[in-house]
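In what follows, a single structure is set out as structure tokens and then discussed.
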Amino acid sequence: MDYRSSIFKKRYKNFILISTIPVVTFYVIFMILPIVQSLYYSLFKWSGFTSYKQYIGLKNYIDLTGDSLFLQSVLNSFKYVIFGSIIIIAITLMFTYVISNYKSKKLKDLVQMILFVPNTISPVALALLWGFILNTRWGLLNGVLDKIGLDFLQRGWLGNDYIFGAALSLLVWIHVGFFIVMYIAAADRIPTSLYESAKLDGASSWKQFTKITIPLIKDVIETSLVLWTIFSFKIFGYLYVFGAGGAGADAPPPVRNISVQLFLTAFGKRTPINRLAYASAMAIILLILVAILVYVIRNLLMSAETIEY
Amino acid sequence: MLKNKKLLLSLTVLMSIFLLSSAVVMAQDSFIYWSMWEKGEPQQQVIEQAIKDFEEQYDVTVNVNWTGRDVVTALKPRLLAGENIDMTDQSGEELYGGLVANDVAGTMNDVLEMKVPNEDATVEDVLINESYGAYVREDGSLYIIPYNFITSAFWYDKGLFNDLGIEVPTTWDEFLQMAEMLKENNLDPVAYGIQTDVYRGYFPYQTAERILGKNALNNAASDPTGELFEDPRWERVGDILYQFSKEGKNLLMQGYESSVYPAPQMDWIMGRAGTFYCGTWIPVETKNAAGENFEYGAFKYPTFEDGDGDPTAVETYPIGFNVLKDSENSDLAKKFVAFFLQEKYAEQWVADTKNMTPRAGIAAPAELKDAKALLDNANSTFRLNDGIQADYPEWYANVFLPLASDILLGEIDGAEWAEEMRAETVKFWKNRE
């Protein structure tokens, strides 16, 4: 068969078109349509309990500009992006340096597995556990600090002054393991010949890491930054539960990102707010903010050159 | 051929009649109940037993979904999708804030007139009026029939107070004296956790009830001009709240600014603090951690000489049933509500769940004896948070709770708090014009 013939090309094109129809259909139904629906609902006053809606135009968007809890959740989301990305990438690189120097593959796999474990546990359980560890009076952290003579470092970790940092530490603990798997996989692709020649030239292992490993996994680091930005805005379970204790209370405002604030506005939990349309406006803002941030990151930071090896 | 056609037609008609009638019978003989309780809880077990008895006695079916505390949230998409759910239950505030405010709840006044099975009394006859009185709307409509009755109070260990020679306080001055004596004995006066919303709200609204009276907070919250907060008594409320703070008389337990559930109650039950303000569910929550000689006592929120509120008034917090407005089987669901209010289930409720029943004439569990006495001696009652959580939930979340934090942390004083309440209320309503 002549693979360059126009008939084949046409058939191949048709095959591609037909085989993408199910995917596109699912994407439109489950991704595009809900976004369009959210945009539509955001123009109404609607609780979501009944089908009755009152058209109010852009009022929900105008109200959001004066909603202190929403604005705080936007600020928190940006704080998660900035502080989280710095801390997570630094810790992940540190672990990558240590783990990639292990000679034993079994040990390498074991350490990666241990660090990945938090990703396999229920967010609710982890958030509650973290809350117990950081509890002021009888939490593990303050207890340990007391036992080792560092009681001057004890803090009210779940108070307004520290609770954001406490929530961020929970997210860092969970996500470092996820990104390490990505970084190590990328580092493992780098040909050993590069390290061998660097070693012959007398480069230390740190120099090899900074001059070979980091530049060659730069694309993965950039991808992790994009992923973390998206996580920071849409992460829900951990923050919804964290700090609220087991009493079914609402998550405290200093830890809420837009997703948590959106849910509490739409569905209420213990405070029966129930403004589904207003929360839809929040969802649209969330979508726009994430799209802008991802666009900016991709354009400013993504590698212009492709490094081949 | 014609004969066969006739036979087929007759069979079709008969089948249709049979199917229709069985559908009608099914619709009439069952109802769907989504519950706030989860499988395994003592409350769930008592209700489940009553359901079993109801099904046997009337040859009906109750389809239950043991949903848990977020039942109102869980109902929302189902109701929107047009699914029939006949009955649910939750606290008064959550039912009114979620279902009543959105015109989904049905009125329950007719249940008050229903006869309680096997008894010579109506539901209204057997219920204590205080258990639902605060939830009757101005037009007389009622949307909850309570089966559990909660109030809140300061809790203490009677043995500890006896040992230390502390008298139970009634007035604010006596309360401060009690606090001093507890401090002298190396005890924090009040176990407290500001990060839990329900705890954060207690003192501001209880103080407002005592100083300005019932509905003052509710009315001020709904006033877009903020003028009601210009009443100088709000500054007095702020002054009292400031006294609680670490910058004031430091009445709250060490580390209260970062204390999260269940730390406050654990600190109290383990003897680090002398008192704890909470609802009547607290003995159940803390019983396993309480020492052998721990004896639960309760006293009401202190009164103030210059207060205009009823000094005997206490909070009422019913948990009860609502049969939804569009219920397809409302008669049967309401029949069950009356059925569950029988004396035997109320007694079982008290015995198994260690909670109070709204049925008159049934003693409270030993741990709640004092709290029950407070209710019995009250001339009036008020809703949890003076009703603002249900009536103005966003004001409660955006204005009330953040400013409660500020004053109880001592970051602002009484005058600043009253002014902030006014200014933030104006801002809040302006943003919603």
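Chains as they are written, first to last, in our numbering: chain A, 6 to 314; chain L, 1400 to 1832.
The beta-carbon is built from N, C-alpha and C at its ideal position, and this holds for glycine as well.
With a cutoff of 7 Å on beta-carbon distance, F1628 (chain L) and A1619 (chain L) are scored as near each other. DSSP, reduced to helix, strand and coil, places S1551 (chain L) within a strand of the structure shown.
Cβ-Cβ distances below 8 Å link L1740 (chain L) to V1515, V1522, V1525, L1526, I1544, Y1546 and R1758 in the same chain, with the five nearest sequence neighbours on each side left out; the list follows chain order. Of all alpha-carbon atoms in A:I263, A:P257 and A:I96, the one lying nearest the alpha-carbon of I185 (chain A) is that of A:I96. Neighbours of S52 (chain A) across chain L, judged by C-beta separation under 7 Å: N1501.
DSSP places S56 (chain A) outside both helix and strand once states are collapsed to three, so it counts as coil. Boundaries around A1697 (chain L) are those of the beta strand (DSSP E), Y1695 to F1698, since no alpha helix (DSSP H) includes it. Per the DSSP secondary-structure output, M1486 (chain L) pairs in a beta bridge with L:Y1432 and L:V1722. In the structure shown, E1823 (chain L) adopts helical secondary structure according to DSSP, grouped into three states. A residue is called buried when at least 16 other Cβ atoms come within 10 angstroms of its Cβ; P27 (chain A) does not meet this threshold and is exposed. Assignment of A1590 (chain L) by DSSP, reduced to helix, strand and coil, places it in the strand class. In the structure shown, D1769 (chain L) falls within a helical segment according to DSSP collapsed to helix, strand and coil.
If you compare the alpha carbons of L:M1820, L:V1510 and L:W1794 with that of I1806 (chain L), the shortest gap goes to L:M1820. Bridge pairing for F1675 (chain L): L:W1554 and L:A1590 [DSSP]. Comparing C-alpha distances from N1483 (chain L) to each of L:Q1489, L:S1490 and L:K1475 shows the shortest one belongs to L:K1475.
In the structure shown, the three-state DSSP call for E1704 (chain L) is coil. Judged by DSSP in its simplified three-state form, N1754 (chain L) adopts coil rather than helix or strand.
Excluding residues up to 5 positions away in sequence, T1606, A1607 and I1610 lie with their Cβ nearer than 6 Å to the Cβ of V1636 (chain L) in the same chain. Contact between Y60 (chain A) and F75 (chain A) does not hold, since the beta-carbon distance rounds to 22 Å and is not under 8 Å. Identification of chain L residues near I278 (chain A) by a Cβ-Cβ cut-off of 8 Å yields P1792, E1793 and A1796, ordered along the chain. CA-to-CA, the gap between A1789 (chain L) and E1492 (chain L) works out to about 5 Å.
Neighbours of D68 (chain A) in chain L, taken as residues at a C-beta separation under 8 Å, are given in chain order as N1830 and R1831. Shortest Cα-Cα distance from S1644 (chain L) to any of L:E1810, L:S1657 and L:V1471 involves L:E1810.
Going by C-alpha positions, D1630 (chain L) is about 46 Å away from W1465 (chain L). Runs of the beta strand (DSSP E) lying entirely within the region 1440-1510 of chain L, each at least 3 residues long, are 1460-1465 and 1486-1490 in chain order.
Taken atom to atom, the span from the alpha-carbon of G1558 (chain L) to that of P1701 (chain L) is near 21 Å.
Apart from the 5 residues on each side of it in sequence, I93 (chain A) sits with its Cβ closer than 7 Å to the Cβ of V177, H180, V181, F184 and W233 in its chain, given in chain order. Assignment of beta-bridge partners to L1526 (chain L) by DSSP yields L:R1758.
The region 83-92 of chain A and the region 155-173 of chain A touch, with no fewer than 3 CB-CB distances between them shorter than 8 Å. Secondary structure of L112 (chain A) (DSSP, three-state): helix. Taking C-beta atoms under 8 Å as the contact rule, Y1601 (chain L) and S1658 (chain L) fail to qualify, at a distance of about 14 Å. Listed as beta-bridge partners of E1714 (chain L) by DSSP are L:F1781.
Beta-carbon to beta-carbon, K1648 (chain L) and V1510 (chain L) are separated by about 47 Å, too far to satisfy the 8 Å threshold. L155 (chain A) has a beta carbon lying at 7 Å or more from every beta carbon in chain L. About 5 Å separates the Cβ atoms of D1488 (chain L) and M1435 (chain L), confirming a contact at the 8 Å cut-off. Secondary structure at K274 (chain A): coil, using DSSP grouped into helix, strand and coil.
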